[in-house]
Amino acid sequence: MTGESDDDTGAPTEAQRAGSVPPIGAADDTTGGMRLDLVRQPARYPRTPLLALLIVAVLPAIGLLALFQWSDERADSYDNAREFEDASADGSIATTTQDESDNDQDDEGLMADALDVELFDYRRAPDPIALVASVNRLAEAVEPVFTFVSSDSCAAIAVDGVLAASTNIDVPVIPASNQKLLTALAAWEVLGPEHRFTTRVTSPPIVDGIVTGDLYLIGGGDPLLTTADYPIEDDFYPAFNTTSLDALADAVVAAGVQVVGGAVIGDGTRYDDEYAVDGWGPGVAFVDAGPYDALFVNGGRELGNSGPSSDPVDAAADEFERLLEARGVVVNNGSTIGIADPAAVEIATVQSAPLADVLAVMLTNSDNNTAELMVKEIGVVDAGEGTRAAGLTAMDRVLRSAGVPMDGVNFFDGSGLHPQNRVTCDAVLEVIHLLGETPVADGMAVAGERGTLTFEFVDTPVAGRLTGKTGTLNNEPFDVDPPAVKALAGYLDQGDAGTVEFVLILNTPDVTVDDKHRPLWLALSERLDTFPAGPSAADLGPAP
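The sequence shown begins at 92 in the working numbering and counts up by one.
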């Protein structure tokens with residue numbers, strides 16, 4: 092044993108032989124039994140440090156006890172004062188003068204009723220305790236669901252920004268279209284709520300209704316420019332909050348233009364000419380997104396063509412020429428693309444809806460073109476460069492400044508189509524919380540009713556109440572990396588009890604198949620809807 096000497100044989104020491112220290116385990120003559128006499132053994136540690144430690148530990152306790160006693164006496168004196176006041180009121184004690192009586196009348200109603208609880212009783216502040224209890228119950232409810240989340244996936248839930256439960260919260264995962272949530276928050280921070288996209292028309296001076304030269308249609312990055320006769324209602328998720336190109340054509344006519352001596356020139360130079368992102372998977376570019384540019388009409392399509400044009404600026408110029416001619420304007424040289432003459436005079440403009448309304452289309456419909464154009468607009472406003480690189484750089488910096496945990500987060504685009512994008516559930520959950528403090532949160536898809544959640548959670552208790560952003564990325568073939576993605580993040584508003592914020596990002600093969608993810612979505616929604624559970628603030632508060 093530690094501390095024993097090498098020659099320990101159990102024989103008595105010299106001191107023990109002298110009778111000053113009996114051997115451990117020696118017979119007790121008074122009882123006739125054996126005992127371990129630890130009291131009479133030499134102290135193992137000096138007493139002075141122990142005494143000092145004891146004093147340090149006891150003094151604060153004595154102080155707190157004294158404080159509690161003082162506060163309790165104060166509370167008793169308050170109760171005595173109340174009793175005295177009551178006795179005076181019923182005539183048992185009549186000691187007040189007329190002036191004092193007048194003052195008492197002035198103060199009537201200012202004194203609160205005494206709570207029938209101790210000063211430090213938790214019932215004096217029941218609301219936070221009730222919230223903690225309900226959050227803990229929520230964590231217990233979702234725990235069985237989280238056991239089905241693989242190590243390559245993540246999930247997290249919170250209530251009004253307070254984390255309740257999570258699994259793999261810091262693991263980098265492929266977000267798919269949950270990436271758009273980060274794009275939306277960055278756009279809100281950089282562009283601001285008052286931002287609108289402006290499409291302009293400039294020309295040489297108009298003389299007797301004639302433009303002696305070219306008329307310029309200058310793109311301002313508006314992703315929702317449409318013509319009234321293009322059948323956007325045939326799209327799976329029709330655009331809304333659109334900007335009317337017809338209204339811009341009407342404004343040109345109202346400015347007095349009857350003849351364009353030259354051509355209609357489309358100018359998309361606000362942004363660079365990257366029409367799609369290098370690295371998107373097979374069948375993504377020019378199908379799920381692109382080509383797009385700062386001048387972008389009908390999703391890059393022309394009337395009569397279901398697919399996008401190879402040059403969105405040229406297609407927009409064609410559409411605008413058609414609208415002008417339909418209004419009786421003669422355009423001598425057709426339409427083409429180019430750069431506006433800086434000396435030309437502005438004759439008409441049209442503005443988009445406010446930023447929150449544009450972001451609503453991006454989030455509700457998961458519109459990829461809007462997301463990519465938003466990144467370039469962020470680059471213009473932040474750095475004067477309409478490039479994806481400038482926009483993504485600004486996004487990273489701005490989100491960090493906003494308090495989003497960015498460790499493990501990596502951007503390659505704004506839409507989430509790139510398989511190398513990475514986020515964490517920690518980051519997405521914070522983005523959800525921050526967006527919840529803005530009007531942008533109102534622009535999410537709605538379970539069973541709107542956008543990409545139209546056909547999800549139908550006929551369930553959360554239909555019409557759960558709002559969020561979906562994400563889907565097939566990444567075929569399923570048996571090789573990168574894995575498929577199915578994501579859902581958003582809110583479940585529980586009224587006065589609070590808002591449940593959640594994120595579930597699944598990165599597993601064939602997870603996009605309905606029976607692979609839908610049971611988990613349904614199970615999660617059922618458990619989120621158990622909040623609040625537990626004692627209410629009224630139950631915990633003092634009795635009336």
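Yeah, the Cβ is synthetic: ideal placement off N, Cα and C, and Gly gets one too.
Here the structure is a predicted model, which means the values were calculated and not measured.
query: Identified DSSP bridge partners for residue 592; result: 249 and 582
query: Cβ neighbour criterion (16 or more within 10 Å) applied to residue 412; result: buried
query: Option nearest residue 616 by Cα separation, candidates 602, 561, 553 and 605; result: 553
query: Nearest-angstrom beta carbon gap, residue 536 and residue 543 [assumed within contact, 8 Å]; result: 5 Å
query: Uninterrupted beta strand (DSSP E) stretches inside the region 263-305 (no shorter than 3 residues); result: 289-294
query: Short Cβ contact (8 Å threshold) for residue 386 with residue 318; result: no
query: CB contact below 8 Å: residue 587 versus chain B; result: You won't find chain B in this structure, because it holds only one protein chain.
query: Which residues DSSP lists as bridging residue 501, in chain order; result: 513
query: Residue 620 to residue 433 span [Cα, whole Å]; result: 58 Å
query: Beta-carbon proximity list for residue 501, same chain, < 6 Å, skipping 5 on both sides; result: 513
query: Residue 89 and residue 507 closer than 8 Å at C-beta; result: Residue coverage of the chain in this structure runs from 92 to 635, which leaves residue 89 outside it and unanswerable.
query: The region 587-595 contacting the region 239-254, beta-carbon criterion three pairs below 8 Å; result: yes
query: Other residues of its chain near residue 474: CB distance less than 6 Å, five sequence neighbours each side excluded; result: 481
query: Contact the region 393-413 vs the region 356-363: 3+ CB pairs below 8 Å; result: yes
query: Whole-number beta carbon distance between residue 479 and residue 466, since they are thought to touch under 8 Å; result: 6 Å
query: Buried/exposed call for residue 420, threshold 16 Cβ in 10 Å; result: buried
query: Simplified DSSP state of residue 570, which is helix, strand or coil; result: coil
query: Inter-residue CB distance, residue 290 and residue 315 (contact presumed, cutoff 8 Å); result: About 11 Å; that fails the 8 Å criterion.
query: Residue 263 versus residue 515 - alpha carbon distance; result: 5 Å
query: Beta-carbon spacing of residue 566, residue 370 below 8 Å; result: no
query: Helix, strand or coil at residue 564 [DSSP, three-state]; result: strand
query: Contact check, residue 267 vs residue 462, beta carbons under 8 Å; result: no
query: Nearest-angstrom beta carbon gap, residue 598 and residue 574 [assumed within contact, 8 Å]; result: 5 Å
query: Buried versus exposed call for residue 288 [16 or more other C-beta atoms within 10 Å across all chains shown]; result: buried
query: Assigned secondary structure, residue 618 (DSSP; H/G/I helix, E/B strand, else coil); result: helix
query: Closer than 7 Å: residue 606 CB and nearest the ligand ZN heavy atom; result: Among the components modelled here there is no ligand, and therefore nothing to report on the ligand ZN.
query: Within 8 Å, strictly: CB atoms of residue 624 and residue 228; result: yes
query: Counted within 10 angstroms of its Cβ, other Cβ atoms place residue 401 as buried (16 or more) or exposed; result: exposed
query: Residue 463 - containing alpha helix (DSSP H), residue span; result: 459-474
query: Where residue 494 falls: helix, strand or coil (DSSP); result: coil
query: At least 3 beta-carbon pairs within less than 8 Å: the region 270-286 vs the region 299-307; result: no
query: Status (buried if at least 16 other CB within 10 Å, exposed otherwise) for residue 561; result: buried
query: Own chain, CB closer than 7 Å to residue 435, minus 5 neighbours either side, in chain order; result: 293, 294, 295 and 307
query: Whole-number beta carbon distance between residue 469 and residue 485, since they are thought to touch under 8 Å; result: 5 Å
query: Element boundaries [beta strand (DSSP E), containing residue 412]; result: Looking at the DSSP string, residue 412 is not in any beta strand (DSSP E); the run it does join, the alpha helix (DSSP H), is 403-417.
query: Three-state secondary structure assigned by DSSP to residue 556; result: coil
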